[in-house]
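Please read the structure below before turning to the comments.
Chains as they are written, first to last, in this note's numbering: chain A, 161 to 285; chain B, 70 to 410.
Here it is as C-alpha cells:
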C-alpha cells in the first residue's frame, strides 16, 4: 500500500463520519417512548391516527379558516361540528403543555410558531 | 433512462407491497443493517484497493503556470508545487468544485463578422457548477438535519440548521428550503443528460440510475414531511431502536411511504461502493489532483519498476581493463603489472 499513513487516517475519518448515526446516540439517552400524558377526554376532533400525524395541518387550516375566512365552524369526518379555536377548543382538553405538546416537539426538534401569538397553556390556570 | 426509472419504481413498489404484507422487518430492519455494512466495508475495500495501486507517472492536471524562474508568475492555486499547495487546491476542489467552475461550452457562430464566416467560440458555462454545488450542499444539510432522529436530546446546532433552513415559515410543518432545492438541482442534473445531445449520447444506465434513485429518496422524503405524513415520534423510536441495535417494530405504526423512503436509502448505500458515486472518497485518490506539479524538481519513480542493474564505469573498466589496455585506450587505473605479465 502506498502513502499508508494518510490513507489510514482518511479511512478512519470516513468510517467515523459515516457511522455517525450509530455512535452519536451514546451522547444522549435512548428514545423508546414519547412519554406524553394524555388528556382524560376520550375523543379529539378527528381520530387518533389522523391527529397524531396531521394535527399541524389541521391547525394550519383552522388558522386560515378562522383568521382569513372568518369561518369558525369545522365539521369533522364523523359529522360532529367543532368551534375553530385553539384557546377554546384544543386547549380545553390539552391543558398540559409540558406533558403533551412539548414532549414530542422537543425530542423531535419541532419548533412550532403557535406561541408567538398564542399564550402557552399553563397548568392549574 | 427509462429502464433506470422503472428499476427505481420497482424497488419502491416492492418496498410498498412488502410493508403492506407485513414484511416490515425485512425492509425496515434487515435491509438497512445489510446496506450500512456493505456501504462501509465496500468503501474501505475500495480505498485500500486504490491505495495499493501504484501511480506510474506524475500526472497532475495543470490549470496555470508551473513554478519556474523568479520573474515568471507562478499560479499557486492551479499549479501547486508543494504539498501545502496541493492541500489548498484539493480543499477548494472538494468544497467549491473549482474544476467545474472552469467549464466551457463550444458553439459555432455562423457569419461571424470577425472572419466573415462560421467561427468556433467557447464561452464560460457555469450551470453544471451551480447545480452540482447546490445539490451537494443541500444533500449535506439534509443529511445533517436527519440527525434529529439519531440523537436524544437534539443538539442545538441541528435546531439552528433547521431554523435557518425553514426561515420562510411556509406552512406547518415548516417548508425546508434545502429539500426543495435538492429536488430542483437533481431535476437539472437529470434534464442536462436528456436535453444536451452530446451528454445524452454518453449517458448510460449507471448515470441515470443514481439520479432517479436520489430523486426517489427526495420525493418520498418530501411526501413524508408534507403530504403522506409519517408519525415523527414513532419514526424516531424506530430509528433509535435501529441505531442502538435493539430494533423494534412491534406497536409501531410506520406508514408504507416511510418504508419506501428507508428502502431507497438502503439501496443507495448498497449501490454506492460499486458505482460512480464512490467519487466521494475517490477524489482524494485522484493522481491528477493530489500530486504536486514539481516534475522538473523531483523525479517521480515508477513504483513498479524492477530494481535497476547498474553497471558503473569503474565496474566496466574492472571488467575490460586488460582488453582496453591492449587496445591502448585511456584508463583511470592502469592494469596490475602481475596480471599483465
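We treat Cβ as the ideally placed atom computed from N, Cα and C, and that holds for glycine. Model, not experiment: these values are computed from the prediction.
| Item | Value |
| --- | --- |
| With distances taken between CB atoms, is the gap from residue 324/B to residue 85/B smaller than 8 angstroms? | no |
| On a CA-only basis, which of 273/B, 222/B and 214/B is nearest residue 294/B? Give me that one, please. | 214/B |
| Within a Cβ cutoff of 7 angstroms, which residues of the same chain sit near residue 179/B, ignoring the five residues on either side of it in sequence? | 187 |
| Bridge partners of residue 243/A, per DSSP? | 233/A |
| What is the rounded straight-line gap between the Cα of residue 213/A and the Cα of residue 275/A? | 20 angstroms |
| Would residue 194/A pass as a contact of residue 302/B if the rule is Cβ separation under 8 angstroms? | yes |
| Between the stretch 262-273 of chain A and the stretch 256-265 of chain B, can you find at least three pairs of beta-carbon atoms closer than 8 angstroms? | no |
| If you draw a straight line from the alpha carbon of residue 272/B to that of residue 357/B, how long is it in whole angstroms? | 23 angstroms |
| Go through its chain and collect everything with a Cβ distance to residue 269/B's Cβ below 8 angstroms, but skip five positions before and after it. | 262 and 263 |
| What in chain B is Cβ-close to residue 185/A, meaning under 9 angstroms? | 219, 220, 221, 309, 312 and 313 |
| Check the C-beta distance from residue 282/B over to residue 77/B and give it rounded, since I have them as a contact under 8 angstroms. | 5 angstroms |
| What are the partner residues of residue 174/B, as DSSP defines its beta bridges? | 192/B |
| Got a sec: which bits of the stretch 207-230 of chain A sit with their beta carbon under 8 angstroms from any beta carbon on chain B, in order along the chain? | 209, 212, 213, 214, 216, 217, 219 and 220 |
| Just mark residue 161/A as buried or exposed, buried being the case when its beta carbon has 16 or more other beta carbons within 10 Å. | exposed |
| Skipping 5 residues on each side, what residues in its chain have a beta carbon closer than 6 angstroms to that of residue 161/B? | 167 |
| Output the boundary residues of the alpha helix (DSSP H) element that contains residue 277/A. | Counting along the chain, residue 277/A falls outside any alpha helix (DSSP H), and DSSP gives it neither H nor E. |
| Could you check how far apart the C-beta atoms of residue 188/A and residue 220/B are, in whole angstroms? I think they sit under 8 angstroms. | 5 angstroms |
| Would you give the residue range spanned by the alpha helix (DSSP H) that residue 386/B belongs to? | 382-395 |
| Closer than 8 angstroms, CB to CB, is residue 175/A near chain B or not? | yes |
| If you measure beta-carbon to beta-carbon, which residues of the stretch 81-110 of chain B are closer than 9 angstroms to chain A? | 105, 108 and 109 |
| So, is residue 284/A buried or exposed, given that buried needs 16 or more other C-beta atoms within 10 angstroms? | Here the model assigns residue 284/A a pLDDT of 48, short of 50, so the residue's position is not dependable, and the following value carries that caveat. Exposed, because fewer than 16 other Cβ atoms sit within 10 Å of the Cβ of residue 284/A. |
| Would you give the residue range spanned by the alpha helix (DSSP H) that residue 292/B belongs to? | 274-295 |
| Strictly below 9 angstroms CB to CB, what residues from chain B border residue 198/A? | Result: empty, since nearest Cβ-Cβ is about 13 angstroms, beyond 9 angstroms. |
| Report yes if the C-beta distance between residue 313/B and residue 185/A is below 8 angstroms; otherwise report no. | yes |
| Please name the residues in the stretch 254-271 of chain A whose beta-carbon is closer than 9 angstroms to at least one beta-carbon of chain B, in chain order. | 263, 264, 266, 267, 268, 269, 270 and 271 |
| Using a C-beta to C-beta distance shorter than 9 angstroms, which residues of chain A count as neighbours of residue 112/B? | 171, 174, 175 and 178 |
| Of all the residues that make up the stretch 144-164 of chain B, which are near chain A by a beta-carbon distance shorter than 8 angstroms? | none |
| At 9 angstroms on the CB atoms, spell out the chain A contacts of residue 228/B, in chain order. | 269 and 271 |
| Could you list which residues in chain A have their beta carbon closer than 9 angstroms to that of residue 117/B, in chain order? | 161, 167 and 171 |
| Are the C-beta atoms of residue 191/A and some chain B residue less than 8 angstroms apart? | yes |
| State the CB to CB distance for the pair residue 101/B and residue 331/B, rounded to an integer number of angstroms; the pair is presumed to be in contact (CB under 8 angstroms). | 6 angstroms |
| Is any beta-carbon of chain A found at less than 8 angstroms from that of residue 241/B? | yes |
| Quick one: does residue 285/A have its CB under 8 angstroms from some CB of chain B? | For residue 285/A, the predicted structure reports a pLDDT of 43, less than 50, and the residue's modelled location is therefore unreliable. A value from the coordinates is still provided. No, no contact with chain B. |
| For residue 145/B, report the span of its alpha helix (DSSP H) as first-last. | Here residue 145/B belongs to no alpha helix (DSSP H), and DSSP marks it neither H nor E. |
| Strictly by DSSP, which residues pair up with residue 186/B? | 181/B |
| So, at 7 angstroms on beta carbons, what are the nonlocal neighbours of residue 286/A in its own chain, with the 5 sequence-adjacent residues on each side left out? | Outside the displayed span of chain A (161 to 285) sits residue 286/A, for which this structure offers no information. |
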